[in-house]
Every structure is written in C-alpha cells, then in structure tokens.
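S.K.: Just so you know, we're using my numbering here: the sequence shown kicks off at 356 and counts up by one.
Structure provided below as structure tokens; questions to follow.
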Amino acid sequence: MLYNMVDLLSVAYKNNFAVGSYNVANSEFVEAIIHAAEAKNAPAIIQIHPNEINLVGDDFTAYVRQAVDRTRIPMAIHVDHGATLGDCVRGIHNGYTSVMIDASAKSWDD
Numbered sequence: 356m357l358y359n360m361v362d363l364l365s366v367a368y369k370n371n372f373a374v375g376s377y378n379v380a381n382s383e384f385v386e387a388i389i390h391a392a393e394a395k396n397a398p399a400i401i402q403i404h405p406n407e408i409n410l411v412g413d414d415f416t417a418y419v420r421q422a423v424d425r426t427r428i429p430m431a432i433h434v435d436h437g438a439t440l441g442d443c444v445r446g447i448h449n450g451y452t453s454v455m456i457d458a459s460a461k462s463w464d465d
C-alpha cells in the first residue's frame with residue numbers, strides 16, 4: 356500500500372515507533388523488504404539512489420510501485436540523496452512519494 360512519506364512518518368511519530376528505510380538495487384531486495392515488512396506487520400520505506408536508477412532504468416521504479424501496491428503494509432518510495440534537481444524531478448515523475456536532494460557538495464550560495 357503506497358503512502359506519502361509525510362503521512363507514514365506522522366503516524367510513526369504519533370505512535371512512538373520507527374520506520375525502517377532500506378536502499379534497493381534489484382527486485383530481490385524489494386521482495387525481501389516487503390516479505391519482512393509483512394511478516395512483522397511493520398511499515399517500511401524503500402529508497403533508491405539515483406545512481407541505481409541510472410543503472411537499472413526507470414522501469415525498475417514502476418516495478419517497485421507495483422510490488423508496493425500489492426502489499427497491505429504501508430510503504431513509501433524515496434529518492435535517496437538526489438544530487439541534482441533533475442534527480443528529484445525524475446523521481447517525482449516516476450511516482451516516488453518522497454525525494455531528498457543532497458546539496459552537500461554545493462556551495463552555500465548555490
């Protein structure tokens with residue numbers, strides 16, 4: 356069950372529990388995370404780094420969304436450490452429910 360990250364973390368905060376967040380690089384990771392989340396009845400966040408998407412392609416995001424949609428467990432899909440605005444926009448267009456831009460390599464003025 357796909358959730359917006361803010362909604363997912365708001366419930367966790369109000370009910371005093373943590374939500375695990377896991378980087379994935381292939382379908383085996385995705386299935387393992389979903390299986391464990393279902394076994395523990397615990398929400399989870401699936402993170403994908405832009406470098407991984409560059410390797411596996413945007414179709415992987417579609418696969419992750421379909422896998423998350425098949426579960427009854429609340430889950431979010433997150434762009435992990437997008438280095439550019441383009442990384443974040445790509446994630447939004449591909450249906451991620453959360454993005455994070457990592458501008459640590461940029462100057463303060465940028």
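Where a beta carbon is used, it is the ideal one built from N, C-alpha and C, also for glycine.
Is it the case that the Cβ atoms of I432 and V419 are separated by a distance below 7 Å?
M.R.: Yes, the Cβ-Cβ distance between I432 and V419 is below 7 Å.
S.K.: Which of the three DSSP states, helix, strand or coil, is assigned to I400?
M.R.: Residue state, collapsed to three classes: strand.
S.K.: At what residues does the alpha helix (DSSP H) containing V454 begin and finish?
M.R.: It is not in any alpha helix (DSSP H) - V454 instead sits in the beta strand (DSSP E) that spans 453 to 456.
S.K.: At what residue ranges does the stretch 401 to 444 contain a whole run of the beta strand (DSSP E), taking only runs of 3 or more?
M.R.: Those beta strand (DSSP E) runs which fall completely within the stretch 401 to 444 and span 3+ residues are 430 to 437.
S.K.: Expressed to the nearest angstrom, what Euclidean distance is found between the alpha-carbon atoms of M430 and A417?
M.R.: If you take the alpha carbons of M430 and A417, they lie about 15 Å apart.
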